[in-house]
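If you read the sequence shown in the numbering used here, its first letter stands for residue 134, the second for the next number, and so on.
Every residue, glycine too, gets a C-beta built ideally from N, C-alpha and C.
Here the structure is a predicted model, which is why all the values come from computation and not from measurement.
Heads up, the thing below is written out as structure tokens.
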Amino acid sequence: MYVIYTIKQMANDLNRSERTVKTALCELENAGLLTRVRQGLTKANRLFLQIPDGVQLSSPLMGKGCLSEVQKTVPLDGQKLPTSNTDTEYKEQSKTERVESTRRRYGEFQNVFLSGAEYSRLETAYPGKAAEYIERLSRYMASNDRHYANHYATIKKWLNEDSKGRSAKNYTYDDNEGECL
134 MYVIYTIKQM ANDLNRSERT VKTALCELEN AGLLTRVRQG LTKANRLFLQ
184 IPDGVQLSSP LMGKGCLSEV QKTVPLDGQK LPTSNTDTEY KEQSKTERVE
234 STRRRYGEFQ NVFLSGAEYS RLETAYPGKA AEYIERLSRY MASNDRHYAN
284 HYATIKKWLN EDSKGRSAKN YTYDDNEGEC L
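See below:
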């Protein structure tokens, strides 16, 4: 499901300041539970919630619980809600969500997301190098706080660039005695 929800709206609905909401989003991102994909200077970022591998359910509240946190509910019968996106956007977003949900975490910091097919294509095309480059991307993203829209494309680009650089080094310009150029 795709929802346009600004930080101001979140702060309003949660009865918190915008700064608190931004801090909470940063904490979720640092914990690996949120991925932020930047769309451009004038476009809103897309936030993807990650589902952790092990989910721990909390026990249900006994008695009255936290009444101070309960907000007043308003019935929504008969209210028209504004539409935020077209059918095409919805279909595109649902495809993206399906792809995101089938990806697994790789790397030392578990921040590189690849599908099984992408991982096997890397291993087939670059045997023995794919794991090294996954680790390299994982370390780079963790140390520099970088995020990439497509980790498979990034790794493939790095591998291609490095393989082109090595092939140029293999040329020798030495000529042995008696050889013609």
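Check                                                                                                      : Outcome
Assumed close pair Y281, L247 - CB separation to whole angstroms, cut-off 8 Å                              : Contact flag wrong, Cβ pair sits at about 12 Å.
Cβ-based burial, V170 [other Cβ within 10 Å; buried from 16]                                               : exposed
Cutoff 7 Å; reference Q183; Cβ partners in own chain excluding five residues on either side                : G165, L166, L167 and T168
Beta-carbon proximity list for L255, same chain, < 6 Å, skipping 5 on both sides                           : A263
Continuous alpha helix (DSSP H) assignments of at least 4 residues falling wholly in the region 256 to 304 : 263 to 277 and 284 to 302
Strand pairing of T168, partner residues [DSSP]                                                            : F181
Near the ligand PLP: E256 beta-carbon under 8 Å from a heavy atom                                          : By its list of ligands, the structure shown contains no ligand whatsoever, and the ligand PLP lies outside what it can speak to.
Exposed unless 16 or more other CB atoms sit within 10 angstroms - verdict on Y266                         : buried
Coarse secondary structure for A252, derived from DSSP in three states                                     : Position check: residue 252 holds Tyr in this sequence, whereas Ala was assumed. Reduced to three states, the DSSP call for Y252 is helix.
Exposure of L174, with buried meaning 16 or more beta-carbon neighbours within 10 Å                        : exposed
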